[in-house]
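Heads up: the structure comes next, in C-alpha cells.
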Amino acid sequence: MRAGVRHEQGEDRMTTLDNRPSTAVLVVDVQNDVVEGVHRRDVVVANIAGLVERARTEGVPVVWVQHSDEGLARGSDDWRIVPELVPQDGEPLVEKHYGDSFEDTTLESVLSGLGVGRLVIAGAETDACIRSTLHGAFTRGYDVTLVGDAHTAGDKTAWGAPTPAQVIAHTNLYWAHQKAPGRRAEVVETKDVVLRDAP
1 MRAGVRHEQG EDRMTTLDNR PSTAVLVVDV QNDVVEGVHR RDVVVANIAG LVERARTEGV
61 PVVWVQHSDE GLARGSDDWR IVPELVPQDG EPLVEKHYGD SFEDTTLESV LSGLGVGRLV
121 IAGAETDACI RSTLHGAFTR GYDVTLVGDA HTAGDKTAWG APTPAQVIAH TNLYWAHQKA
181 PGRRAEVVET KDVVLRDAP
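What follows is the structure, encoded as C-alpha cells:
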C-alpha cells in the first residue's frame, strides 16, 4: 500500500477490535519542551491544529497525550501543551511516562469507552513516542493512520542519528507498508485524512 492511497468504501475499517467502529485523533506529546527546536515545528503544529479543528467539526473524538518523566516535570511550563493547541473541555487527556502511549496509562480504557478501533496519530517525537505508539496501537488491534506531515523530531545527528527530515521520511515510508492480519496501516497527508466514512 502506498502512502496517501485511499481505499474503497467498506475497505477502510479492518480493526480486530470488536464493536469499535469509531475513529479518534490522537495528539501525542505536543508540549513546549518536546517540540522546542524540532524540524518544521510551526508547520507541524499548524497541521495538527487544522486536523484537530476538523475532527471537532466532524464530531470525531480528539484524545491528547502528555508525557512526563525525570527530565520533564509534570506541571512545569515545559510540560504544558503548546499554546497553539488547546484541549477543549471533555476531550480526554492521557498522562504517560513511557514512549508507548498505551503503556501503564488509561488510553485503552478511554478509547474503548469511545468505541474507537482506528487511530489517526500526530505529534512528537517521530523516532521515540510516535513510533512506540504506532506499534503499540497496531499490536493491540487498532487500524493506525500516521499523519505524514504532522509529526516531527529534533536533531539527534550528534549521536549518530539521521537528520530529522530523514527520520520523518523513513518512518512515513515503512509505516505505509506495515502489515498485520485484520488491521490496516497507512500514511496520509493532513489534507487527505479521512475521519469519517462517506455515507
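Counting with UniProt numbering, you get residues 1 to 199 for the letters of the sequence shown.
The C-beta atom is built at its ideal place from N, Cα and C for all residues, glycine as well.
Cβ neighbour criterion (16 or more within 10 Å) applied to residue i
i: Arg196; result: exposed
i: Arg6; result: Any answer about Arg6 is weak, because its pLDDT of 33 lies below 50 and its placement is not dependable; what the coordinates show is given next. It is exposed - the Cβ of Arg6 has fewer than 16 other Cβ atoms within 10 Å.
i: Tyr174; result: exposed
i: Val63; result: buried
i: Gln66; result: buried
i: Pro181; result: exposed
i: Ser132; result: buried
Cβ-based neighbour list, residue i, same chain, cut-off 6 angstroms, excluding 5 preceding and 5 following
i: Ile168; result: Thr126
i: Leu107; result: Val94, Ser101
i: Arg184; result: Met14, Asp143
Residue i CB to nearest heavy atom of the ligand ATP below 7 angstroms
i: His170; result: Ligands are entirely absent from the displayed structure, and the ligand ATP is therefore not among its contents.
The beta strand (DSSP E) enclosing residue i, as first and last residue numbers
i: Arg131; result: Note, Arg131: premise wrong, no beta strand (DSSP E); alpha helix (DSSP H) at 131-139.
i: Val34; result: Val34 -> not in any beta strand (DSSP E); alpha helix (DSSP H) instead, spanning 32-35.
Opening and closing residue of the alpha helix (DSSP H) in which residue i lies
i: Val167; result: 164-176
Within 8 angstroms, strictly: CB atoms of residue i and residue j
i: Val27; j: Leu85; result: yes
i: Val52; j: Val82; result: no
i: Ala150; j: Asn19; result: no
i: residue 207; j: Thr145; result: With the chain represented from 1 up to 199, any question about residue 207 goes unanswered, as that position is not in the structure.
Residues near residue i by beta carbon distance below 8 angstroms, same chain, minus five either side
i: Trp159; result: none
Those runs of the alpha helix (DSSP H) which lie wholly inside the segment 45-113 and span at least 4 residues:
Taken in chain order, the unbroken stretches of alpha helix (DSSP H) that lie wholly in the segment 45-113 and span 4 residues or more are 107-113.
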